[in-house]
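Take a look at the structure set out below.
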Amino acid sequence: MEADSIYKSYGKKKVLKGISFTAPEGKCTGFIGANGCGKSTLFAILAGVEKADGGIVSLHGKQIDRRARELSAAIGYIPQENALMEDLAVKDNLALYRSLCPGKVENEYVEKLCERFSVQSFEKEKVSRLSGGMKKRVSIVCALLHRPEILIMDEPSTALDLIFKEELESFIREFTGEGGSVLLSSHDEKEIRQCDKLYAIKDGVAKEIQYESWRDFF
Amino acid sequence: MRAGGTFFRLEMKRYAKAVPIVFLESILFGIMILVFGIFASKYVYGEQATGKIKVGIVSMEDEKLSGMLVDFVSSMDSMKESCSFEMMDEAAAYEGLKNGSIYAAVILPEGLIDGIMNGQNIPAKVVFGTSHSRMETDVFRELAKAGGRLLATAQAGIYAADELCVLSEHGDWIGETEDYLNRAYLQYALNRDRVFDAVEVQATGNYSLLQYYCSALLLVFLSFIGLTLAGFSNGTRTAVCRIMETKGFARGWQLFLDVFAYTMIFTLSGMVPAVLFLQGTAQKTGFTIMSFSGIAGTLMVLFAMGLLIRLLVMITGSHTAGLGVSFLVLLILMIGSGLFIPQAFLPPIAERVGNYLPYRFFHEMLLKSIC
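Same order as they appear, the protein sequences are chains A and B.
Counted from 1, the first sequence has number 1311 at position 211 by the working numbering; the numbering is strictly sequential.
Counted from 1, the second sequence has number 458 at position 166 by the working numbering; the numbering is strictly sequential.
Encoded structure:
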């Protein structure tokens, strides 16, 4: 996935001022930056949820519209706030996301994902009654249901306990190992260290940095 | 299409799950409003807010004669509908005025009847109490004036005839003429049934006061249920809706299914209190909900009302402030449509506008289908 000169403003506030980056296949690309620097906005644009004021997003070298089916089919997006229907049970949310998938999603695959993120134990629970970590795990499962090739994760480990943080790290390794791309933003040092490529966002622009030099950048 | 079906089913489920909470909230709110209303009406109108205007009659002369006079006045249509008279002595009348058990005391002076007969017209004294609201006092004052005018007209006619008899040198006809005129006035002028067709015109149209207000009360209660239920709508700017949009599930389609799911649940769940209430009051109101037209009409009213409320909440938003604005708009629509006060009592412009307000149609349609 590539992005070239992405611009975004909210009113007079210019959040992104021409962000460009490349996220290679089979790699984990990390984004760091201070709170409010525009990481979530950038991810929302990449996932097609937000509309950029300017710039190009390309997938496999081909420029792509934010409403294109190929984009939504290729991307699994886990936003910072959980994209779940709070008044409904976990299994209802899974059913909804399953119905949004372009093809048929096998029961075994769903069960496997639920097992992997230990979601099956609270499948019948209402989302509003779950803890932040549990909700995050459900969000991850929902984002993976359509077998995306790119995973965009906005601070995925927030609220997760240590065990699931480790589980997520191992999943990311596995996912990239199978050729998938991961784009993640994080404030977690361990998570950042895991990234193959790292971008720091400051003043609306992204600069590729080495993990060791992230302090210098800020 | 598959996503649409699942989304619709889940929205229905979500709204259905909220129904018990909505009912509980609405019942509690209803009780609160009812209690407030009772206390407010007691404060404004006193204990006898719904009773007749009680008037004490003090007679200084022959009680039999003045009793006849009171019977005559109290038998007048306007009086018998709104006033009740009680003969009492002067002390009891002043005591009644003081403690508020009567609204007014009419003190009939000595020679009153003779005065009426001979044209002297000794005035009766009417004393009003101060412990009641101004409205009852004004009503009784107007009724007393109307009665007085009626009597004066009759007297004028009789005396004019007497004078004509004298002028035409037929003084011996006076007695017979007076007898005839007295009988004629009582028969034609006082008994309005002889002069006018017996058509009852009510501010509530073709429906009784009880039917009108019971159906209005039901609509108000159902609207509150609808508004509370609409508070459970998510809107389409939530993260999940935005993700659905990226998957080709358009925002307009989401909105349509959300509104449709809400309206269906509101219609179906609203039928329960509607049927219970209409059937419960059927004996007194004569409502017939258990018929094809009753069920179909009520369902249609509920569907249209649900649609209106949900669309309104879509505009104002389902957050607290938005619901507050929606409540205010609905309240204005209900008042304008005459749910609280019949339209006939509203200012002419409000009456004209009210004819085009949705609640006017809902009310009319509900009444037509159950009456």
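Glycine included, C-beta positions come from ideal geometry on N, C-alpha and C.
Could you please tell me which residues of the segment 1141-1164 of chain A, in chain order, have their CB closer than 7 Å to any CB of chain B?
For chain B, the residues of the segment 1141-1164 of chain A that bring a beta carbon within less than 7 Å of one of its beta carbons are Ala-1147, Gly-1148, Val-1149, in chain order.
So which residues on chain B does Pro-1179 (chain A) lean against when the C-beta distance must stay under 7 Å?
Position 79 of the first sequence holds residue 1179 (chain A). Neighbours of Pro-1179 (chain A) on chain B, chain order: Ala-531.
By a C-beta neighbour count over all protein chains shown, 10 Å radius and 16 as the cutoff for buried, is Thr-445 (chain B) buried or exposed?
Counting from one through the second sequence, the residue named residue 445 (chain B) turns up at place 153. By the C-beta density criterion, Thr-445 (chain B) is exposed, having fewer than 16 other C-beta atoms within 10 angstroms.
Quick test of your reading: Ile-1106 (chain A) and Gly-1155 (chain A), contact by CB under 8 Å. State the CB separation rounded to the nearest angstrom.
Position 6 of the first sequence, counting from 1, holds the residue named residue 1106 (chain A). Position 55 of the first sequence, counting from 1, holds the residue named residue 1155 (chain A). Confirmed, about 4 Å.
Could you name the residues of the same chain whose beta carbon sits closer than 6 Å to that of Met-1253 (chain A), not counting the 5 residues immediately before and after it, in chain order?
The residue labelled residue 1253 (chain A) in the question sits at position 153 within the first sequence. Hits under 6 Å: Ile-1178, Leu-1284.
Can you name, in chain order, every residue of its own chain whose Cβ lies under 7 Å from the Cβ of Ala-310 (chain B), other than the five neighbours on each side?
Within the second sequence, numbered from 1, the residue matching residue 310 (chain B) stands at position 18. Correct list, in chain order: Leu-521, Phe-524.
Short check: CB of Val-532 (chain B) to CB of Met-1185 (chain A), under 7 Å?
Within the second sequence, the letter at position 240 stands for residue 532 (chain B). Within the first sequence, the letter at position 85 stands for residue 1185 (chain A). Cβ atoms of Val-532 (chain B) and Met-1185 (chain A): closer than 7 Å.
I need the straight-line Cα distance from Leu-1146 (chain A) to Val-1157 (chain A), nearest angstrom please.
Along the first sequence, read from residue 1 onward, the residue named residue 1146 (chain A) stands at position 46. Along the first sequence, read from residue 1 onward, the residue named residue 1157 (chain A) stands at position 57. Looking at the two C-alpha atoms, the distance is approximately 7 Å.
Beta carbon of Cys-1295 (chain A), beta carbon of Gly-1130 (chain A): below 7 Å?
Taking the first residue of the first sequence as position 1, residue 1295 (chain A) is located at position 195. Taking the first residue of the first sequence as position 1, residue 1130 (chain A) is located at position 30. Taking the C-beta atoms as reference points, Gly-1130 (chain A) is found nearer than 7 Å to Cys-1295 (chain A).
Can you confirm whether Met-657 (chain B), when its beta carbon is compared against all beta carbons of chain A, has any partner nearer than 7 Å?
Position 365 of the second sequence holds residue 657 (chain B). Using beta-carbon distances, Met-657 (chain B) does not count as an interface residue toward chain A, since no partner is under 7 Å.
Can you give me the Cβ contacts of Phe-488 (chain B) inside the same chain, cut-off strictly under 7 Å, excluding the 5 residues immediately before and after it?
Against the second sequence, residue 488 (chain B) aligns to sequence position 196. Because Phe-488 (chain B) sits at a pLDDT of 48, beneath the cut-off of 50, its placement in the model cannot be relied upon, and the point is left open.
Distance, Cα to Cα, Ala-341 (chain B) vs Ser-351 (chain B)?
What you label residue 341 (chain B) is simply residue 49 of the second sequence in a count that begins at 1. What you label residue 351 (chain B) is simply residue 59 of the second sequence in a count that begins at 1. Residue placement at Ala-341 (chain B) is flagged as unreliable, the pLDDT there being 47, under the threshold of 50; the coordinate-derived value follows with that caveat. Rounded to whole angstroms, Ala-341 (chain B) to Ser-351 (chain B) spans 28 Å at the Cα level.
Under 7 Å, do Ile-662 (chain B) and Ile-535 (chain B) count as touching if we go by C-beta distance?
As a position in the second sequence, residue 662 (chain B) is number 370, starting the count at 1. As a position in the second sequence, residue 535 (chain B) is number 243, starting the count at 1. It is not a contact, given that the beta carbons lie outside the stated cut-off.
Top-ranked residue by Cα proximity to Ala-384 (chain B), from B:Gly-578, B:Gly-348, B:Leu-560:
As a first step, residue 384 (chain B) is located in the second sequence; it is residue number 92 there, counting from the start. It is B:Gly-348 whose Cα lies nearest to the Cα of Ala-384 (chain B).
Chain A residues whose Cβ lies nearer than 7 Å to that of Thr-298 (chain B):
Against the second sequence, residue 298 (chain B) aligns to sequence position 6. Simply Ala-1195, Leu-1196, Ser-1199.
C-beta neighbour in chain A for Lys-660 (chain B), strict 7 Å
As a working note, residue 660 (chain B) is residue 368 in the second sequence. Using a CB distance cut-off of 7 Å, Lys-660 (chain B) does not count as an interface residue toward chain A.
Who are Ala-636 (chain B)'s beta bridge partners in DSSP?
Position 344 of the second sequence, counted from the start, is the residue given in the question as residue 636 (chain B). The partner list for Ala-636 (chain B) (beta bridge, DSSP) is empty, contrary to what the question assumes.
Does any C-beta atom of chain A lie closer than 7 Å to the C-beta of Thr-538 (chain B)?
By 1-based counting over the second sequence, the position of residue 538 (chain B) is 246. By the rule that beta-carbons nearer than 7 Å mark a contact, Thr-538 (chain B) touches chain A.
Going by other Cβ atoms of all chains shown within 10 Å of its Cβ, with 16 needed for buried, is Glu-339 (chain B) buried or exposed?
Locating residue 339 (chain B) in the second sequence gives position 47, counting from the first residue. For Glu-339 (chain B), the predicted structure reports a pLDDT of 49, less than 50, and the residue's modelled location is therefore unreliable. A value from the coordinates is still provided. Glu-339 (chain B) counts as exposed, since fewer than 16 other beta carbons sit within 10 angstroms of its beta carbon.
Does the Cβ-Cβ distance between Phe-654 (chain B) and Val-593 (chain B) come in under 7 Å?
Indexing the second sequence from 1 puts residue 654 (chain B) at position 362. Indexing the second sequence from 1 puts residue 593 (chain B) at position 301. Contact annotation: Phe-654 (chain B) and Val-593 (chain B) have beta-carbon atoms nearer than 7 Å.
Status (buried if at least 16 other CB within 10 Å, exposed otherwise) for Glu-303 (chain B):
By 1-based counting over the second sequence, the position of residue 303 (chain B) is 11. Around the beta carbon of Glu-303 (chain B), 16 or more other beta carbons lie within 10 angstroms, which makes this residue buried.
Delimiting residues of the alpha helix (DSSP H) encompassing Leu-510 (chain B)
By one-based count along the second sequence, residue 510 (chain B) stands at place 218. Start and end: 501-522.
Any beta carbon of chain B sitting closer than 7 Å to that of Leu-1251 (chain A)?
The count along the first sequence starts at 1 and reaches residue 1251 (chain A) at position 151. No, Leu-1251 (chain A) lies away from the interface with chain B (no Cβ there is under 7 Å from its Cβ).
Let me see if you follow: with CB-CB separation under 7 Å, is Met-1234 (chain A) close to chain B or not?
Position 134 of the first sequence, counted from the start, is the residue given in the question as residue 1234 (chain A). Not an interface residue.
Using 7 Å as the limit for Cβ to Cβ distance, is Ile-517 (chain B) near chain A?
Within the second sequence, the letter at position 225 stands for residue 517 (chain B). Residue-level contact by beta carbon fails for Ile-517 (chain B) and chain A, as no gap is shorter than 7 Å.
Figure out for me which residue from B:Phe-331, B:Leu-625, B:Gly-518 has the closest Cα to the Cα of Val-605 (chain B).
Here residue 605 (chain B) refers to the residue found at position 313 of the second sequence. The residue among B:Phe-331, B:Leu-625, B:Gly-518 with its C-alpha nearest the C-alpha of Val-605 (chain B) is B:Gly-518.
Going by DSSP, which residues form a beta bridge with Leu-1298 (chain A)?
The residue you call residue 1298 (chain A) lines up with position 198 of the first sequence. Bridge pairing for Leu-1298 (chain A): A:Gly-1130, A:Ile-1309 [DSSP].
List the residues that DSSP assigns as beta-bridge partners of Leu-1116 (chain A).
Position 16 of the first sequence, counted from the start, is the residue given in the question as residue 1116 (chain A). According to DSSP, Leu-1116 (chain A) bridges with A:Lys-1108.
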